[in-house]
Amino acid sequence: MLVSMRVLFATAELSPIAAVGGLAAAAAGLGIELRRAGVDVDLVMPDYGGISLVDEVSIELDVPDWAGPAVVRRGHHVDVGALTLISAPGLARSHPYLQPDGSGWDDNSERFFRFGRAIAALAELERPDVLHLNDWHTGSALAALVDGPPTVVSIHNLAYQGIADGSWLDLIGPHADHFEWWGGTNPLSGALALADRIVAVSPRYASEIRTPQGGFGLDGPLSERADALLGILNGIDTDVWNPATDAHLPANFRPASVAAKATNRLALLERFGFDDDPTLLATVVTRLTEQKGIDLLVPLIPLLEQIPLRLGLLGSGDAVLAAQLRRLADQYPHHFAFVEGYDESLSHQMFGGADMFLMPSRFEPCGLTQMQAMRYGTVPVVTAVGGLVDTVPDADEHDDGLGFVAKEATPEHLLAALFRATRRLSTKTRRTEIQKRMMNVDWSWVRPAQRYAELYRELLDGAKA
Ligand code: ADP
Ligand code: GLC
18 MLVSMRVLFA TAELSPIAAV GGLAAAAAGL GIELRRAGVD VDLVMPDYGG ISLVDEVSIE
78 LDVPDWAGPA VVRRGHHVDV GALTLISAPG LARSHPYLQP DGSGWDDNSE RFFRFGRAIA
138 ALAELERPDV LHLNDWHTGS ALAALVDGPP TVVSIHNLAY QGIADGSWLD LIGPHADHFE
198 WWGGTNPLSG ALALADRIVA VSPRYASEIR TPQGGFGLDG PLSERADALL GILNGIDTDV
258 WNPATDAHLP ANFRPASVAA KATNRLALLE RFGFDDDPTL LATVVTRLTE QKGIDLLVPL
318 IPLLEQIPLR LGLLGSGDAV LAAQLRRLAD QYPHHFAFVE GYDESLSHQM FGGADMFLMP
378 SRFEPCGLTQ MQAMRYGTVP VVTAVGGLVD TVPDADEHDD GLGFVAKEAT PEHLLAALFR
438 ATRRLSTKTR RTEIQKRMMN VDWSWVRPAQ RYAELYRELL DGAKA
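Whatever position you read off the sequence shown (first residue = 1), add 17 for my numbering.
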């Protein structure tokens with residue numbers, strides 16, 4: 018039955034071609050697993066430049082002057098298989114959103130309005146069974162889509178909406194009035210009003226975004242669409258994130274051989290310049306943004322010695338926070354290490370060698386890193402938000418607990434959770450018990466992809482009825 022379904026899946030990021038955050042991993046992980054399940058997924062992304070395809074064909078799209086010329090390059094990509102690239106003026110850049118100095122490209126609005134317009138043209142030309150959009154970068158497609166298939170919009174992060182000047186309302190298409198937002202143009206709000214289904218990337222996030230605290234101004238419109246809104250938890254790529262085969266790790270291990278983590282731990286202690294002793298080792302792998310709550314850990318760093326706990330943090334982003342973390346690393350070299358940057362190999366080693374993984378997020382639509390940590394037998398200590406609630410039952414409250422949850426995103430609550438975690442994990446038998454349980458959970462995309470396939474099928478049946 019599923020073999021006949023063709024889905025146009027549009028995203029601004031796709032691993033490993035263009036990755037800024039979890040959107041890239043989620044798009045690739047879901048797209049590829051859906052293909053394995055027999056859904057014909059057309060992965061569509063901007064042609065940022067320098068992307069090689071084989072067996073390439075190109076198609077010129079019919080778009081208005083402001084959006085063109087828009088051309089599709091379609092072919093086979095070595096990592097993701099079949100791939101459709103959209104080129105339009107301004108899309109090709111060294112980074113999807115940012116200039117080398119870290120600020121956004123001045124023309125980001127027009128770049129992604131053009132991308133949206135091209136997606137709509139492609140959907141009308143090829144008539145897939147379902148059009149699946151992701152986040153604001155693709156949302157404006159629904160302003161132009163007149164005679165299109167049923168549509169799904171996934172919300173990966175409501176904090177980013179791509180709000181632009183109101184003058185875009187004259188250009189983006191016949192449904193532009195849904196995109197009017199306090200005098201401006203909001204590519205996400207319009208998409209949320211018009212999509213047949215809205216998917217939040219975790220069930221908890223699906224309810225949080227309907228509240229003033231979690232809605233980033235869109236809680237009203239989302240509440241109105243409550244019947245169309247559902248949460249489907251992300252997965253992770255369990256081939257990439259596999260401690261039994263991961264080439265980045267000094268020692269590979271499985272649930273039955275989790276003791277071999279000790280070799281990875283030792284290598285990590287050396288990397289961070291920490292002493293080789295039994296004091297627990299926590300890690301953080303993150304973007305440095307307000308969302309991730311790393312500033313909440315700052316007042317705890319001088320206290321680490323008393324917990325006792327050591328912390329290694331890998332992150333890039335906010336320059337002020339990075340400078341603060343550098344100073345703290347100089348001040349407390351025995352307990353805190355900071356590596357600034359985006360380092361895939363080191364990130365694997367930090368999941369593979371640590372005892373604990375910290376995620377003090379203020380909000381977290383889903384979060385992939387806590388799942389990556391658990392897959393590697395590293396116990397998460399998280400805040401009670403979004404996908405963290407859905408993936409990390411507290412080990413002090415549930416027999417089948419997988420981590421430790423701070424009730425609120427404050428230094429005090431995080432400290433209390435860290436105390437509870439260190440107490441539990443200091444006993445080897447308790448630690449091993451939680452580790453094996455976490456490693457045996459199915460974190461793959463198999464179940465999420467089934468849920469999306471069911472959703473597509475439901476829409477298709479509805480459209481035919
Ligand atoms: P978000 O998308 O909000 O940043 P997620 O947890 O969904 O958060 O996904 C982040 C992804 O990026 C994960 O795969 C994580 O391992 C990776 N990542 C984040 N920061 C870094 C970093 N500094 N170095 C290497 N990988 C990172
Ligand atoms: C966003 C969210 C993150 C989520 C990711 C993939 O970047 O911040 O929580 O895991 O998208 O859906």
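For each residue, glycine too, the CB sits at the ideal point set by N, CA and C. Quick caveat: nothing in here was measured; it's all calculated off a predicted structure.
Spatial neighbours of A43 in its own chain (CB-CB distance under 6 Å, excluding positions within 5 residues in sequence) are listed in chain order as N251.
When rounded, the separation of the alpha-carbon atoms in P63 and L108 is 6 Å. Going by DSSP, A158 is part of the alpha helix (DSSP H) stretching over 158 to 161. A residue is listed when its beta-carbon falls short of 7 Å from at least one non-hydrogen atom of ligand 2; in chain order these are G38, G39, L40, A42, A43, H173, N174, V218, N251, Q308, E381, P382, C383, G384, L385, G403, G404. Of the heavy atoms belonging to ligand 1, none sits nearer than 6 Å to the Cβ of T28.
For the set L70, D146, D79, the Cα lying nearest the Cα of F26 is the one of D146.
Counting along the chain, no alpha helix (DSSP H) covers N151; the unbroken beta strand (DSSP E) around it starts and ends at 147 to 151. In this structure, V89 is the residue among V89, Y65, A480 with its C-alpha nearest to the C-alpha of V74. A direct Cα-to-Cα measurement between Q366 and T155 gives close to 34 Å.
Short of 7 Å from the beta carbon of N203, and not among the five residues preceding or following it, lie these beta carbons of its own chain, in chain order: Q178, I180, F196. Taking C-beta atoms under 8 Å as the contact rule, A193 and A158 fail to qualify, at a distance of about 12 Å. The alpha-carbon of T228 is positioned some 42 Å away from that of H351. Per DSSP, the continuous alpha helix (DSSP H) segment holding D407 begins and ends at 403 to 408.
When the alpha-carbon of R304 is set against those of D360, E141, P167, the nearest one is in D360. Its Cα nearest to that of A466, the residue L51 stands out among L51, A36, A35.
Leaving aside the five residues that flank F368 on each side, the residues in its chain whose CB is nearer than 6 Å to its CB run, in chain order, Q389, A390, Y393, T395. Approximately 4 Å separates the beta-carbon atoms of T28 and N151; this is inside 8 Å, confirming the contact. Here the alpha carbon of W460 sits roughly 11 Å from the alpha carbon of N259. In this structure, the alpha-carbon of K424 lies about 6 Å from that of H430. Judged by DSSP in its simplified three-state form, M376 adopts strand.
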